[in-house]
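Trainee: First, the structure itself, so that you have it in front of you.
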Amino acid sequence: MHIVYPVVVSALLFSIGVYGVLARRNAILVLMSVELMLNAVNLNLVAFDVWLRDRLHGGQVLTLFVIVIAAAEIGLGLAIVLAVYRNRQSIDVDRLRDLSETGASEEAGPPEEPVGVGEDADREARP
Amino acid sequence: MEPAEIIQHSGGVIGASWLMIALPLLGAAVLLLGGRKTDKFGHLLGVAMAVASFVVAALAFIQLLGFAPGERRRGVELYDLIPGIAKVGLLVDPLSISFCLLITFVGSLIHIYSIGYMAHDPARRRFFAYLNLFVAAMLVLVLADNYLGLYVGWEGVGLASYLLIGFWQHKPTAATAAKKAFIVNRVGDFGLSIGIFTIFATFHSLSYQGVAEGMAKGGSIPATAIGLLLLLGACGKSAQLPLQSWLLDAMEGPTPVSALIHAATMVTAGVYLVVRSGPIFQATDTAQLVVTIVGVATLLAGAIIGTAKDDIKKALAGSTMSQIGYMMLAAGIGPAGYAFAIAHLITHGFFKADMFLGAGSVMHGMNDEVNMRKYGGLRKVMPITFVTFFIGYLAIIGFPLLSGYFTKDGIIETAMEHNAILGWLAVLGAGITGFYMSRLVFMTFFGKKRWEADAHPHESPAVMTWPLIILSIGAIVLGAFLILGNRFMLFLSPAVGRPEELPSFHPFSTTGLATLALVAVGVVFAWYRYGSAEVPGVAPRGSFLTAFARRDLYGDALNEALLMRPGQWLTRLAVYFDNRGVDGLVNSLAALIGGSSGRLRRIQTGYVRSYALSIFVGAAVLVGAWFVVGNL
Amino acid sequence: MNGTIQAPTLEYAQLAPMLVVFGAAIVGVLVEAFAPRYLRSAIHVPITLLSLAGAFALTIWQVVKGVPTKPAAMGAVAVDGPSLFIWGTILVLAFVSVLLINDEDHFVAAAAAVPGSAEEEQALHEGAGHTEVYPLALFAVGGMLLFPASNDLLVMFVALEVMSLPLYLLCGLARRRRLLSQEAAVKYFLLGAFSSAFFLYGTALLYGYAGSIDLAKISAALGVVGGQETLLYIGVAMLGVGLLFKIGAAPFQAWKPDVYQGAPTPITALMASGTLVAAFGALLRVFWVALGGLDWNWSPVLWAVAILTMVVGAILAITQTDIKRMLAYSSIAHGGFLLVGVVATGAAAGQNSKALSAILFYLVAYGFTTVGAFAVVTMVRDAGGEAWHLSRWAGLGKRSPLLAGIFAFFLLAFAGIPLTSGFFGKYAVFQAAVAGGATPLVIVGVVASAVAAFFYVRVIVLMFFSDPAADGPSVVLPSRGTAAVVGVAVLATVFLGVFPQPVLHLAQNAAQSLFIR
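Chains as they are written, first to last, in our numbering: chain A, 16 to 142; chain B, 93 to 724; chain C, 360 to 876.
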């Protein structure tokens, strides 16, 4: 199999992950998107490992490490999101803007719309 | 003879000579930061630090004497500040140690005197803190082994002087005088700083050693320009024409300050600068000539101002100007004059501090009255003050065998040899000195009582009279000690060089006799005018000349016309352009930055997704940039 | 491949400082599990401080013994001159930050409880506290140690995560202003995870390009492998995103003000000092060891990033009204100044060590000053906690002259006034950059410094020349820990400003050996 296929597939997966982070307002979905990005990289690593015929299997080893770290990361992320949910009853990341220039300066203008991609696309994601 | 090489030194008291600076600095820090808690013992701490500094200086002096004369220039490297450009180091050599001894010894005495003089001042602790600060800064000035260190000390003493002149801030005159001293000194400091920049640009070094080496190497060196710029700095600090006007006003400060800063030490910094920069000045006849002319002009101007002042401190201030003029004159002559300049500086430090402190003692007894027309006949009620003051008086007019006789005569003789016109003008100055100093003494201590009704003059306490006694002893013996046998010139020569032929002291030279005769004429004339005759309580109108002198030779008017008016015009012009152009520029720049800040802030929306987007866009740009640069 | 697997050799002596810190962190976790609640804090604090001090001693021992010349742990970790210098710096800064963490009730009693709820009340009543902060901080410090020393991208990624994950959590544990704190944690976490995904993607692409994740082998492959520049360029750029994010370089700076503001102040101090030092170490290692052959290629990009960072940091700081945000932007601007030094590395070895030593010195100087500044911030309090709004700081000079004086001194050091450490840091970096031919960059740097000086001085003016508010914040009497932190920071700032030579010398020595390739 040519190396281009897995590389392109993983690039696409990565892009979907990036899109998810940029477009989703639900913190859990953002977390999932980050996972998607990491797994895209994993696919890439394994593919390169095979393609390069790496005697030390550096790519595969790295993949194992990434899986472990990703697990730790998601656990930690969920804990933080849970803590936020307890306090706010919401996991909408767009509502988290007490820390911002407009919030700090007390010259509260009209709330600005987030500059994100596809705001309309995920209206239904609102909890 | 050329100056000796500087030998790097460590260990011993000389290695620890930084303690001289550190101790009074520590004292100032403790007193300023300690606040009211230190009120109780503040003055004692201040005195202790000054005395400790003197002890270090004396020990260093003793250690220095242990070396052979050619090895008495010891460089003490403290550390590298900026590698390759600025080292922080001290230079302990005969010149700097002479200053250290003078500063710390006279400084200690004045500290002690101030315990009594400032006893009733609520802010005595602050006064001692400033005095300690001054001593530390002055020692930095003379001990530094490079121009940068000298500049730091130079500004430090300027600051201390400013703080002390304006010490009694509640008096508007004091505040104004402090400001005036500060501003006039800025003019001088400007010259000094440009001079130092030029030195660095020329020699790529700021150390005295580097400059001396650079001068020896030769090449195109703007020595005249550097010399004149340094002289401008010296004129500001030493109250020489044309930057003399601040010194008279500076008498608004407490009298110990006038004695220490504006008579004995700080105002002589200009002479130190000229002598220390000897390698530069000796390479340029023009600058040396200008130095001597400035010296002579100031010695005459100061003397004339001294004749007309009724304020005892201002008369003494005029005298200080005049005496420093003598030193400048000698310093401008070159190696032949250096030893006399510094010797006169030292003896002057003693007898002028003695007289200032004596004046302070008089004021202390007379309810802070400074007008000599309200004194008279004080010798009976203040015997110790009178005797010590009289010794100082005899020393300054050059009464045979007292200090001034030897040192001033040395300067006059040297000047006469160098240039007859300068020499005769210096003789004339000595005559005027005889007149105005006699006038001052006669008006104060002799004649009838002209006291105010509520004045009850009394002798000052022992803590104030003992320093007077010690200083007057110095005023008697120091001159003979330094000059006879060329003792001081030989001591100083490793640092500044000396003429091939040592001068010899002739007690009955033409010049010496002429000087004595002229001084005698001055004294007799003063006796006729102020000793035997009645002194009017209000100053008579006097001739044009008197009015001229009373108004400081129109120094202020001259300043006003030459500097202030054009300065104001320039300022107005600058303000105009500033408002229109520069301010507009600055304001619009500020507005631009502020505005862009305001606009840029909007990227910081608080939306985590926007942040993620900015990261993504940044990554995309980075990738793109990499491709662009990679494919170039 | 078949047959036996060779057991890897590990140079325990070289790795000892890290092992001590990680070991202490694991002991800390065990303490959490087994020790009774009332004893935990009493056990944690000495363990944490001792382990940091011990690791520091071991680092010094390494230096005394002679800096190793070969990478340790089968080429995975490089303990070389710069690493050891950075380790020493991080360990001291971490020690100081832990004193600050230990100091006051900065941290929430029960993170899971809703503020004001019965659970929280009870937890507070029981005197509960999240003593986990100590092992968490230790893990983060361990990551910081590993990050700049890692010699292949796998270790670097692991170090990055070990350093970041505990910090994400710590950010969310502030006792007061819980919502802000948790928001900071979420933002830091999401953006951090996002950027580390970029880092990882870059790693994968570089792996594909060079066939190895070893920095030295990547460097060796640069000239040899042909035809796959696409992989290389994208890979390097993605890797750069991850590293520049940690530094807070524009355009990846957005998280910094929000997170610095929201996080508990002692954690902010730890991040602003330790993380920055570690991230610069890693950045230098990657760009110098792996991509040294590409410097003509990456330096224009870094030029742009450095300029943008300095400008954004300095300009945005001007309109800040929150002290912690202002310090965050100042940290961004300082990151920009440091990047000027990174740009200055390049062609000749002499120039490299010059720039490197300048950066190392700057990191030490900035680290101490910034910890000190945040320590002062913890001491100025309102009823609701620390007084962040600048208007509350008005007239502090009249109320508490000593504290205001110290803070003013730190600000002057940030501004780079002579006789403070900041001056020599900037001087060294800019001088190295001029020597490296980056004069235009230095000019931008000086202008940015001037703009930055404006807002530092503005705060000083505010403190000393404004009338204090009637209900102004009170200055709490510092505990021994905080007082020690402030004292150490003042001393370091003065010392480095007046006697820079010893530390400069140390940095020069460290930089002499450069990074091991």
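We put the beta carbon where it would ideally sit given N, CA and C, even for glycine.
#1: What number of angstroms, rounded off, separates the C-alpha of residue 119/A from the C-alpha of residue 764/C?
#2: Assuming residue 365/B and residue 326/B make a contact with CB atoms under 8 angstroms, what is their CB distance in whole Å?
#3: For residue 522/C, which residues in the same chain have their Cβ closer than 6 angstroms to its Cβ, ignoring the five residues on either side in sequence?
#4: Give the straight-line distance between the Cα atoms of residue 121/A and residue 620/C, rounded to the nearest whole angstrom.
#5: Taking the continuous beta strand (DSSP E) assigned at residue 739/C, which residues delimit it?
#6: Under a three-way DSSP split, which group does residue 182/B fall into?
#7: Report the residue from 569/C, 839/C, 529/C whose alpha carbon sits nearest the alpha carbon of residue 588/C.
#8: Would you call residue 585/B buried or exposed, if buried means 16 or more other Cβ atoms sit within 10 Å of its Cβ?
#9: Give me, in chain order, the residues of the same chain whose beta-carbon lies closer than 6 angstroms to that of residue 260/B; leave out the 5 immediate sequence neighbours on both sides.
#10: At what residues does the alpha helix (DSSP H) containing residue 296/B begin and finish?
#11: So the alpha helix (DSSP H) residue 528/B belongs to, where does it begin and stop?
#12: Using CA atoms only, rank isn't needed, just tell me which of 444/C, 414/C, 701/C, 554/C is closest to residue 864/C.
#13: Closer than 8 angstroms between beta carbons: that is the criterion. Which residues of the segment 533 to 549 of chain C meet it against chain A?
#14: Taking 8 angstroms as the threshold (C-beta atoms), are residue 405/B and residue 462/B in contact?
#15: Does the beta carbon of residue 698/B sit closer than 8 angstroms to a beta carbon anywhere in chain A?
#16: What is the rounded straight-line gap between the Cα of residue 100/B and the Cα of residue 168/B?
#17: In chain B, what lies closer than 9 angstroms to residue 868/C by C-beta?
#18: Report yes if the C-beta distance between residue 541/C and residue 36/A is below 8 angstroms; otherwise report no.
#19: For residue 118/B, which of 102/B, 139/B, 387/B has the nearest alpha-carbon?
#20: Need the endpoints of the alpha helix (DSSP H) that residue 447/B sits in, please.
#21: Ignore the nearest five residues each way along the sequence and tell me which others in residue 767/C's own chain have a CB closer than 6 angstroms to its CB.
#22: Which residues, in chain order, does the segment 90 to 117 of chain A contribute to contact with chain B at a C-beta distance below 9 angstroms?
#23: Quick one: Cα of residue 96/A to Cα of residue 615/C, how far?
#24: Checking the sheet assignment: what are the DSSP bridge partners for residue 720/C?
#25: Just list the residues that DSSP pairs residue 385/B with in beta bridges.
#26: Which of the three DSSP states, helix, strand or coil, is assigned to residue 341/B?
#27: With DSSP collapsed to three states, give me the class of residue 726/C.
#28: Any C-beta of chain B within less than 7 angstroms: which residues of the segment 30 to 61 of chain A qualify?
#29: On the three-pair Cβ rule with 8 angstroms, is the segment 319 to 336 of chain B touching the segment 353 to 365 of chain B?
#30: Taking a Cβ distance cut-off of 9 angstroms, strictly less, list which residues of the segment 721 to 735 of chain C are near chain B, in chain order.
#31: Which of the three DSSP states is assigned to residue 100/B in this structure?
#32: Grab me the residues of residue 406/C's own chain with a C-beta within less than 8 angstroms of its C-beta, minus the 5 sequence neighbours each way, in chain order.
#33: In angstroms, rounded to a whole number, what distance separates the CA positions of residue 337/B and residue 445/B?
#34: Can a CB atom of chain C be found closer than 8 angstroms to the CB of residue 703/B?
#35: Any beta carbon of chain A sitting closer than 8 angstroms to that of residue 529/C?
Mentor: Result, derived from the coordinates:
#1: Confidence is the limiting factor: at residue 119/A the pLDDT is only 42, short of 50, which leaves the residue's position unreliable, though a coordinate-based value still follows. In a straight line, the C-alpha of residue 119/A is about 26 angstroms away from that of residue 764/C.
#2: 5 angstroms
#3: 499, 502, 503, 506
#4: Reliability of the predicted coordinates at residue 121/A is poor, the pLDDT of 42 falling under 50, and the value obtained from them is presented with this limitation in mind. Roughly 15 angstroms between the two C-alpha positions.
#5: Counting along the chain, the unbroken beta strand (DSSP E) around residue 739/C starts and ends at 739 to 741.
#6: Strand, per DSSP.
#7: 569/C
#8: Buried, since its Cβ has 16 or more Cβ neighbours within 10 Å.
#9: Cβ neighbours of residue 260/B beyond the five flanking positions: 266.
#10: Per DSSP, residue 296/B belongs to no alpha helix (DSSP H) and is neither H nor E.
#11: 512 to 537 is the span of the alpha helix (DSSP H), which, as asked, contains residue 528/B.
#12: 444/C
#13: 537, 538, 539, 541, 542, 543, 544, 545, 546, 548, 549
#14: Result yes, Cβ atoms of residue 462/B and residue 405/B sit closer than 8 angstroms.
#15: yes
#16: 6 angstroms
#17: Those do not exist, as residue 868/C stays about 14 angstroms from chain B at its closest Cβ, beyond 9 angstroms.
#18: No, Cβ-Cβ distance for residue 541/C and residue 36/A is not below 8 angstroms.
#19: 139/B
#20: 427 to 457
#21: 819
#22: 108, 109, 111, 112, 113, 114, 115, 116, 117
#23: The alpha-carbon of residue 96/A is positioned some 20 angstroms away from that of residue 615/C.
#24: None, per the DSSP bridge assignment.
#25: The partner list for residue 385/B (beta bridge, DSSP) is empty, contrary to what the question assumes.
#26: Three-state result, residue 341/B: helix.
#27: helix
#28: 33, 36, 37
#29: Contact holds: three or more Cβ-Cβ distances are below 8 angstroms.
#30: none
#31: strand
#32: Closer than 8 angstroms at the Cβ level, and outside the excluded window around residue 406/C, lie 383, 386, 387, 390, 493.
#33: 20 angstroms
#34: Output row for residue 703/B: interface = yes.
#35: Contact with chain A is absent for residue 529/C, since none of that chain's Cβ atoms lies less than 8 angstroms from the residue's Cβ.
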